[in-house]
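Structure first, then comments.
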C-alpha cells in the first residue's frame with residue numbers, strides 16, 4: 019500500500035468513511051443494548067452479542083481513524099505522508115473477534131437445542147476465525163501472487179460457512195415460528211451477501227485498480243461491508259428476537 023499515491027480528496031473521502039463507520043457502530047451499540055429490555059430472557063444473549071459486535075467494531079474504527087490521521091499531514095493544501103504506517107491489522111483483529119460472534123448471535127436467536135447450538139457455534143465460529151487468519155497475510159502482501167494465493171486459501175472456510183448458512187441451517191430454520199422464518203432466512207442471506215463484499219474488495223488491487231484508487235476502493239468498500247454485516251445485521255437480529263418474544267408471550271397467555 020503506497021500511501022503517497024493518494025490525493026487530498028481521496029484521503030478526505032476515506033477519513034469521512036471511517037468517521038461514518040465509527041458513528042454507525044457506536045449508535046447501533048447503544049440502540050441494541052438499550053433494546054435488550056424488549057426481548058424475552060432467552061434472547062437477551064443474542065442481542066447482547068449483537069451490541070458487543072458493534073462495540074468492538076466502534077473501538078477499532080476509532081483506532082483506524084487515529085492511525086489514518088497519524089499517517090498523513092496536510093500543509094498548505096497539500097497531502098504529505100508522515101512516515102507513520104497505517105495499521106491495517108486493526109481491521110483483522112476486529113474481524114477475528116466479531117465475525118465468529120456474528121454467526122453465534124444468529125444461532126442463539128434461533129434457540130436451537132443445546133447440543134446443536136454448541137456444535138454449530140464451534141464449527142461456524144472456528145471456520146470464520148480461520149478465514150480471517152488466512153486473509154491477513156494476503157492483505158499486507160506486496161506481491162499480487164501472494165495476495166491471490168491467500169485469497170484462495172481464505173475462500174475455503176468462506177465457502178464452508180456459506181454452505182452451512184444456505185443448506186446446513188435449512189432444517190433448523192424450517193422449525194422456527196412462522197412469523198420469523200422469513201426474517202431468519204433473510205438474516206442468513208444478509209450474512210452471505212454482505213460477506214461477499216469482502217472477497218470482492220480484497221481483489222480490487224488485482225483487477226486493475228492501482229495507487230490511490232485501489233486504496234480508496236478497498237478502505238471504503240470494507241467500511242460499507244462492515245456497516246451492513248454488523249450494524250444492519252444486528253438490528254435484524256433484534257427484530258427477530260422481539261417477534262419471537264411476542265409470539266411466545268401470546269402463546270402462554
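Numbering (my numbering), first residue to last: 19 to 271.
C-beta atoms are modelled at their ideal positions from N, C-alpha and C, and glycine is treated no differently.
As the structure is a computational prediction, the values presented were derived from the model and not from experiment.
Can you name the start and end residues of the alpha helix (DSSP H) that residue i belongs to?
i, result
"residue 166", "162-181"
"residue 212", "196-221"
"residue 96", "Taken as a continuous stretch (DSSP letters only), residue 96 belongs to no alpha helix (DSSP H), being part of the beta strand (DSSP E) at 96-99."
"residue 137", "132-158"
"residue 193", "Unbroken run through residue 193: none, as it is neither H nor E."
"residue 104", "Careful: residue 104 lies outside any alpha helix (DSSP H) and carries neither H nor E."
"residue 265", "251-270"
"residue 228", "Premise fails: residue 228 is in no alpha helix (DSSP H) and is neither H nor E."
Pop quiz: residue i and residue j are said to be a contact at Cβ under 8 Å. What is the actual Cβ separation, rounded to whole angstroms?
i, j, result
"residue 113", "residue 174", "In fact, because the Cβ distance is near 17 Å, the residues do not count as touching under 8 Å."
"residue 201", "residue 50", "Contact doesn't hold; Cβ gap of about 16 Å is too wide."
"residue 97", "residue 29", "5 Å"
"residue 245", "residue 39", "6 Å"
"residue 167", "residue 153", "No, residue 167 and residue 153 are not in contact; Cβ-Cβ is about 11 Å, not under 8 Å."
"residue 72", "residue 54", "With 8 Å as the limit, residue 72 and residue 54 do not qualify as a contact, their Cβ atoms being about 13 Å apart."
"residue 57", "residue 263", "5 Å"
"residue 206", "residue 227", "Contact doesn't hold; Cβ gap of about 31 Å is too wide."
"residue 237", "residue 32", "5 Å"
For residue i, does the three-state DSSP call read helix, strand or coil?
i, result
"residue 25", "coil"
"residue 186", "helix"
"residue 112", "helix"
"residue 20", "coil"
Please list the segments of the alpha helix (DSSP H) lying wholly inside the region 45-101, counting only runs of 4 or more residues, in order along the chain. You should have 59-88.
For the region 204-218 against the region 77-87, do three or more pairs of beta-carbon atoms, one drawn from each stretch, fall closer than 8 Å, so that the two count as touching? no
Okay, do the region 85-103 and the region 122-139 touch, 3+ Cβ pairs below 8 Å being the bar? The answer is no - the region 122-139 does not touch the region 85-103, with fewer than three Cβ pairs under 8 Å.
May I ask you to verify whether the region 139-146 touches the region 108-125, counting CB pairs closer than 8 Å and requiring at least 3? Output reads yes: the region 108-125 touches the region 139-146.
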